[in-house]
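Going by the numbering used here, the sequence shown opens with residue -3, and the numbers climb by one from there.
C-beta atoms are modelled at their ideal positions from N, C-alpha and C, and glycine is treated no differently.
The structure under discussion appears below in the form of C-alpha cells.
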Amino acid sequence: MDLNWSGQERIAASKDTVWAFINDPAKIASCLPDVQQTNVIDAHSFDATVGVALGPVRGKFKFKIALVPADGGNHMDMKISGGGLGSVVDLIAAADLTAESDALTVLDWKGNASLRGPIATVGGRVVDAQARKVISTTFENVRNRLSGTA
C-alpha cells in the first residue's frame, strides 16, 4: 500500500531557528508521538522505537531515521525505514522552508509512504487517518518546543 500526504505549516520562529531545530536528531525525536525509546546515532540519524495501534495491529515498530539537509538551509529530506510485527514501512518526507518574516517560517511539506505486511491489510482509510494524526501531533510538538510552551 502506498500513501501520500502534503501540507503547509506556519511556525512562529525565524527560519534559522527552525532550520537548526529540524537538523537536530534529538529534538526531532522528542517531537514524534508514541516514541518509547530513541538512540541518536550521529549528527543526522537516529533510531526510534514507537508504539503502534492500528486496528488489530498493535505493538512496537523500530525505525531508522535519517535527516538529509540540503545546502543553503531551505530544504530537508527525512528518510524513515523499519517496521515490526511482520510489517515494513518506508517513508520519504521533504520540507521546503521559507521565511515569511523574521519571526515566521513556512514549511511546505510532503510525504510518501510504502507499507507492506499486516499494517497494509488494515485498510487505507484507517492507516491514513492515523498517519495524519501523527503528522499533526509532530508539527504541533515542533511549534510548542520552538515557542517554549513544551
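Per-residue DSSP class, three states only, for residue i
i: Gly78; result: strand
i: Ala95; result: strand
i: Ala109; result: strand
Expected contact under 8 angstroms - CB spacing of residue i and residue j to nearest Å
i: Pro21; j: Leu63; result: 6 angstroms
i: Ala95; j: Ser10; result: 7 angstroms
Own chain partners of residue i with C-beta closer than 8 angstroms, once the 5 adjacent residues on each side are dropped
i: Val53; result: Leu81, Ser83, Pro114, Ile115 and Val118
Beta-carbon proximity list for residue i, same chain, < 7 angstroms, skipping 5 on both sides
i: Asp124; result: Leu(-1)
i: Val102; result: Gln4, Arg6, Thr94 and Glu96
With 16 other Cβ atoms within 10 Å as the buried cut-off, status of residue i
i: Ala44; result: buried
i: Ala89; result: buried
i: Ile37; result: exposed
i: Val46; result: buried
Beta-carbon proximity list for residue i, same chain, < 6 angstroms, skipping 5 on both sides
i: Asn137; result: Cys27
- request: For the segment 116 to 143, list the alpha helix (DSSP H) runs that are entirely contained and at least 4 residues long, ordered along the chain.
  value: 120 to 143
Segments assigned beta strand (DSSP E), at least 3 residues, entirely inside the segment 21 to 91: 31 to 38, 41 to 50, 53 to 65 and 71 to 80
query: For the segment -2 to 22, which segments carrying the alpha helix (DSSP H) assignment without a break, of at least 4 residues, lie completely within its bounds, in sequence order?
result: 11 to 18
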